[in-house]
Each structure stands twice: as C-alpha cells, then as structure tokens.
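For reference, the structure is listed below as structure tokens.
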Amino acid sequence: MINDLMLDAINEIEFFVNEKKEKLFGGKNVFLVGDLFQLPTVSTVQRPVKKMSESNLFLNDFKPFLLETYVRQTGDIVFQRALNNCRIGKLKEEDISLFKQRVCGEGHSITEECTQLSNTTNLCSLHLLRKQKIGHINKKKAIESRPKFFNSLDVDSIGHRLSNFYSDLIDKIPGSLERMLEIYPDNP
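Take 1 as the starting number for the sequence shown in full-length UniProt numbering and just add one per residue.
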C-alpha cells in the first residue's frame, strides 16, 4: 500500500520533471487503483507514516470511486460476503467458522498448525512441503530449459533498500520467501 510519504514523493518527482511546475504532479493526470481496505501501510516508531488515503494530498485532490461489481467468487455469495466483512474489519462468527473450513492449494485442509501461526510469513509444514516440491520441479525445469532469474530486494515502507543486517534477519525467519524468482518461458 502506498503511504502518504510515497504519494508526496511521486508528486515532487513529477513536479520537478515536468514543465507545469505550478500544478500537482507536474500537471499529469494520476490514476490510482486499489482497495483502500487491504494491506495497511507499514509504519514504524522511527518512521511513522499514514495511509495514502489519510494524506492531505489524497483527501484534497483525489476523487475516489467505489467499484461494486464483484469479479471473483461470483458463484459463492456466502464466501464473497465473508471476504468483504474481513476486508472492512467486521468479521462475524459465521465468517470465522467458514474460513476455518476452507482448504488451500491442492485441497489441504486448514490444520491446527495453520491457525497457530503468527502474523509473519511463517508457513505450516504442509505449505513447506509444497514449497519444497515446487523447488524440486523448478530445479528439474532449470535443467531442461533456460529460465530468467529475478533477485528480490528487501525495502522499507517507502522503497529504500534495507541493510544486509536486516535482510539477513528476514532470511532467518522460517518460511520467508526465496531471494531468487525463476520464470520459465513455457509457463502460461
């Protein structure tokens, strides 16, 4: 989620790059798409930030439109309603019960281990097995074809790269994602 500092930085860059310096975003039209109820802004005590939607720039100069047509889960109104309640932070008991009954991936039922994980990137043992299987398949594909590799970088909430110290800490968290992403030409 873009925070208030990022939105201000985008405005400043456009202001200095474009010729119309007296206008917001250098006179360029800005179209932002997203769900303001999802993924809260990452803020720390050392560097507090606000949600983009709480910034003066957004409040004074943007006109939000609420899209009301659901594209996903159109065949499951109950699940759709539960996801929406989760999105706005108003879960009901029946929503929680429904989520506990759901399955993930290849049909793995939600286990006690899954529900006891913290709000980190930790993965349950079944997810780790799936991750290992994907790694095995990718190694086999790497031998058979020529993938493109993308290295990941750890950045803070406004896009600055983290130091090696913090990146190493993240790497030590069980279940954290790999540093390298492999893309194969034959994948859809």
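For each residue, glycine too, the CB sits at the ideal point set by N, CA and C.
Per-residue burial, residue i [other beta carbons within 10 Å of its own, 16 or more giving buried]
i       : result
Ser-118 : Because Ser-118 sits at a pLDDT of 42, beneath the cut-off of 50, its placement in the model cannot be relied upon, and the following sentence gives the value as read from the coordinates. By the 10 Å Cβ count, Ser-118 comes out exposed.
Ser-163 : exposed
Leu-5   : buried
Leu-7   : buried
Ile-77  : exposed
Phe-65  : exposed
Phe-16  : exposed
Phe-58  : buried
Per DSSP, cross-strand counterpart(s) of residue i
i       : result
Arg-161 : Val-155
Lys-51  : Asn-3
Whole-Å CB distance - residue i paired with residue j, under 8 Å assumed
i           : j       : result
residue 247 : Asn-3   : Residue 247 lies beyond the stretch modelled for the chain, which goes from 1 to 188, so this question has no answer here.
Arg-179     : Asn-151 : 6 Å
Met-1       : Pro-48  : Actually they do not touch by this definition, with Cβ atoms about 15 Å apart.
Asn-11      : Leu-24  : 6 Å
Asn-84      : Lys-92  : In fact, because the Cβ distance is near 11 Å, the residues do not count as touching under 8 Å.
Ala-82      : Asp-95  : 4 Å
Limits of the alpha helix (DSSP H) - the one that residue i falls within
i           : result
residue 189 : Residue 189 is absent from the model: the chain starts at 1 and stops at 188.
Phe-79      : 77-87
Proximal residues to residue i (C-beta, below 8 Å), its chain only, five neighbours per side dropped
i       : result
Asp-154 : Arg-161, Leu-162, Tyr-166, Ser-167, Ile-170
Tyr-35  : The amino acid occupying residue 35 in the given sequence is Asp; Tyr does not appear at that position. Excluding positions up to five away in sequence, the list reads Arg-87.
Own chain, CB closer than 7 Å to residue i, minus 5 neighbours either side, in chain order
i      : result
Phe-79 : Gln-73, Leu-98
Lys-28 : Glu-14, Asn-18
Ser-43 : Val-49, Ser-157
Gly-26 : Glu-14, Phe-15, Val-17, Asn-18, Lys-20
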